[in-house]
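Novice: Counted from 1, the sequence shown has number 58 at position 57 by our numbering; the numbering is strictly sequential.
Cβ coordinates follow ideal geometry from the N, Cα and C atoms, glycine included.
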Amino acid sequence: MKRLLLAPVFCLALAACATAPTAYGPSAGPSGVGFSEQKIESGRYRVTFRGGPGAPLAQVSDYALLRAADLAIADGYDWFRVVDRYTAQSGASSGPRVSIGAGGGNGGYRSGVGVGLGTSFDLGGGPSIVQTFEVLMGKGRPPPTGPDVYDAREVRNTIGARV
């Protein structure tokens, strides 16, 4: 009985190690959790943030905005505008799975009939969301505010305080 209980506990512990948490920081590679950016031209970047399995879209978007704000401040800009955005989802079932099954049968010199029943659980935490923004940066007074114009220092202070 103890062995029967140890197997699911072991699988759950293994799955907890396998899921990547979503933290603000650089990506370790093309499919790693974190941010990456590509400079398109002076004052224009493509910023991408890839969340870990199960990370909510709001968190992934906030981290992409925070990276854009950090780039703007580092390059001496005061504000940025999101001119294009793209959201993708990767890995519909991106983690380990554990299955539990039951069956029956008969063997030996007699014929037998078997019946089986099974189910499985995804332990990966769900899909990963990738948010990409193309941002245009500027100095001085920002253009009339709208939903896509951000004050870089304000974003750094507001979102950065939650990170």
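Which runs of the beta strand (DSSP E), 3 residues or longer, sit entirely within the segment 36 to 68?
Specialist: You should have 45 to 51.
Novice: In this structure, what does DSSP give as the bridge partners for residue 129?
Specialist: DSSP output for residue 129 lists 91 as bridge partner(s).
Novice: Short check: CB of residue 147 to CB of residue 67, under 8 Å?
Specialist: No, the Cβ-Cβ distance between residue 147 and residue 67 is not below 8 Å.
Novice: Is it buried or exposed for residue 53, if we count other Cβ within 10 angstroms and need 16 for buried?
Specialist: Buried, by the Cβ-count rule.
Novice: Is DSSP giving residue 82 helix, strand or coil here?
Specialist: Reduced to three states, the DSSP call for residue 82 is strand.
Novice: For a quick check, are the C-beta atoms of residue 64 and residue 81 less than 8 Å apart?
Specialist: Not closer than 8 Å, so no.
Novice: Looking only at its chain, what residues have a beta carbon closer than 7 Å to the beta carbon of residue 153, apart from the 5 residues adjacent to it on each side?
Specialist: Hits under 7 Å: 70, 73, 74, 78, 79, 80, 81.
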